[in-house]
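Note that this note's numbering has the sequence shown beginning at 21, numbered continuously upward.
Where a beta carbon is used, it is the ideal one built from N, C-alpha and C, also for glycine.
In what follows, a structure is listed as C-alpha cells, so that the remarks can point back to it.
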Amino acid sequence: MRAVAAADQGYLKAHERMETESATRPKLTTTPQGIPITGLLKEELQQHFKELGQPAYRVEQLLDWLYEKRVDSFQAMSNLPKALREQLETLFSFSLPEILEHTVSNDHTQKFLLRLTDGNLIETVLVPATPAKFGKSSERQTLCISSQVGCAYGCRFCASGLQGWKRNLKSHEIVEQLLRIEKISGKIVNNIVFMGMGEPLANFDNMMKAVKILNSPWGLNIGARQITVSTSGLVPQIQALAEQPLQLRLAISLHGATDPVRDELMPVNRRYNLDALWGACHYYQARKKQKVSFEYILIQNVNDSLEQAVQLAKKATQLDCKINLIPYNCVEGLSWERPSTERQHAFLSRLRQSGVAATIRQEKGHDINAACGQLRLRREQMASAPALPLL
Ligand code: SF4
C-alpha cells in the first residue's frame, strides 16, 4: 500500500506540473535554432510573412513545399527567392527526430525509437491494416503517435509509465513523427491514433495544435474521423474535446469494469472514477454523435473474469460503443500475464451475448515489443551502451 500511495503522489505532482505548464505556455515556442516550422498554423505563418513584408501567396508556396512535396530544408524551396530562403533559415528550423532503432515485425508492423533534438526518446509505430503474412499489402496505414516523453499516469501494465513523465511534446514534435516515418518507410499514413507514449489529453493544447496541422487541407489533410485520441480517462479534458469543432474519434483505455479493479490497474481512476468516466463518454457522444471505442487489455486473473464481463456489458449497452479486447503483451519487468485463448473467448462471448459490439483485436508487432514504451525502456536501461544511429 505504501508503494501505491507513493506512486499516486508522484502522479498527482506530475499532473499538477503539466496543468501549470499548459496554463503558462506561450503561444509560440522558439529554440536557439529558430521557431520549428512544422509546429505553426497557417495563420501564424501568414502573420510572420506579413511582418517580413512578403505577399500572401508565399505562404501557400511554403505550405506546398512542407506538406505536399515534404522537403525538409528551406534551400530546397526553389520557387522562393534566395534572400527569403536565407531569411527563413535564420528565423525557423526543421528538427526532424533521429531514428535510433527501426524494427519490422513478421506482420509488417514497424516500430521506431526516435531521439528528439534534446536527446529524449519516444516511440512511434506504423501499423498496416491487414495482416501481411500472405504478402498482401494494405491501403490503410495507421501511425501510433506519442504525445509525451514518458507518462505520469502510471498504469500498472504499461512500460511508458515505468520511468515517469519527463515533458510534453511540442506540436511540431507530434507532426514530425509522421513526416519522419513516412520518409523512412515510404508509406503514406492515412490514419492516426494517439496511443503511443503519454496521455494526449494531458498535453491538450499542443496535441490539438498538431491535430489541426495534421487535419487541415493546407497541412497533411488527414480526415478528423481518421484521427483517434485515446485517453486513460481525463474527464474534464474529454468534455473539452467534445467542445472542439473537429469530429475526432475518442478511445478510452478502460481495462477494468469496476472501480476496485480499475483502481488497481490505473491510478487515474481514483481521481476520475468509472461513473465520472462513463458520464464523460455519454457527453462526448451526445455532442459528436459518434461511436466511442474502449480498449480493454485482458490480463490473466486481474480483469478477465466473467463477472468483469457482465459489469462491462451493463455499461456498454447504454452507449453506442465498441469494445476492443487486447490480450496483454508481456512487458519485461512486469509480472502480469496473458490469459489463455479460451478465457479470452469466454470474455468476448459474454459481452456479445449481451449485445455489445466487441472484438478481440488482431495483435500487431508482438514479436518486436510493439506495446508502447518497451523500446525506450530497454534503451534507457542500457544507458551505458552507446547509441548507434541507423539512419
Ligand atoms: S497506458 Fe497510456 S496513460 Fe497509462 S501509463 Fe501508459 S501511456 Fe500513460
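Go ahead and pull the three-state DSSP assignment for T379.
It is a strand residue.
Assigned secondary structure, L254 (DSSP; H/G/I helix, E/B strand, else coil)
coil
Would Q197 pass as a contact of I165 if the rule is Cβ separation under 9 Å?
At the C-beta level, Q197 and I165 come within 9 Å of one another.
Under 8 Å from any heavy atom of ligand 1, does the C-beta of M425 make it?
What the structure shows of the chain is the stretch from 21 to 411, and residue 425 is not part of that stretch, so it cannot be assessed.
By Cβ distance, which residues of its chain are closer than 6 Å to M228, with the 5 residues on each side in sequence left out?
none
Hey, is S273 close to ligand 1, as in C-beta under 8 Å from one of its heavy atoms?
yes
Can you tell me which of S98, K102, L141 and E106 puts its alpha carbon nearest to the alpha carbon of I119?
L141
Buried/exposed call for A230, threshold 16 Cβ in 10 Å
buried
Segments of 3+ residues assigned as beta strand (DSSP E) that fall wholly inside the region 70–151:
118–124, 130–135 and 141–148
If you follow the alpha helix (DSSP H) that C413 is part of, which residue opens it and which one closes it?
The structure shown does not extend to residue 413, since the chain spans only 21 to 411, so no value can be given for it.
On the DSSP bridge list, what partners appear for I343?
F314 and A378
Tell me which residue opens and which closes the beta strand (DSSP E) that G170 is part of.
Q168 to G170
Check for me: the beta strand (DSSP E) holding N211 runs from which residue to which?
N211 to F214
Among L345, Q305 and Y292, which residue has its Cα nearest to the Cα of E315?
Looking at L345, Q305 and Y292, the one whose alpha-carbon comes closest to that of E315 is L345.
With respect to 8 Å, is the separation between the Cβ of E327 and the closest non-hydrogen atom of ligand 1 below this value?
no
Simplified DSSP assignment, three categories, for C164
In the structure shown, C164 sits in a strand (DSSP, three-state: E or B).
Return helix, strand or coil for M247, following the three-state DSSP convention.
It is Ile, not Met, that sits at residue 247 in the sequence shown. The answer is strand: DSSP assigns I247 an E or B state.
How about L174: is its Cβ closer than 8 Å to a heavy atom in ligand 1?
Here residue 174 is Gly; the residue named in the question, Leu, does not match the sequence. It does: the Cβ of G174 is within 8 Å (strictly closer) of some heavy atom of ligand 1.
Could you work out which residue in H128, E352, A329 and F132 is closest to G375 when comparing CA atoms only?
When C-alpha distances from G375 are compared across H128, E352, A329 and F132, the shortest belongs to A329.
For the region 182–195 and the region 317–329, state whether three or more C-beta atom pairs, one from each stretch, are separated by less than 8 Å.
no
Which same chain residues end up closer than 8 Å to E159 when comparing Cβ atoms and leaving out the 5 residues on each side of it in sequence?
A149 and N210
Rounded straight-line distance, which links the Cα of D127 to that of G155:
With a pLDDT of 49 at G155, under the threshold of 50, the modelled position of that residue is not reliable, and no figure is offered here.
Close-in-space but distant-in-sequence residues of the same chain around S313 (CB under 8 Å, 5 per side omitted):
Once the five neighbours on either side are set aside, the close Cβ partners of S313 are T248, R269, L270, A271, I272, C341, K342, I343 and N344.
For the alpha helix (DSSP H) that N321 lies in, which residues bound it at each end?
No alpha helix (DSSP H) holds N321; DSSP gives it neither H nor E.
Just confirm the distance between the C-beta atoms of I57 and F112, as a whole number of angstroms; I'd bet it's less than 8 Å.
4 Å
Taking the beta strand (DSSP E) that N188 belongs to, which residues open and close that run?
W185 to N188
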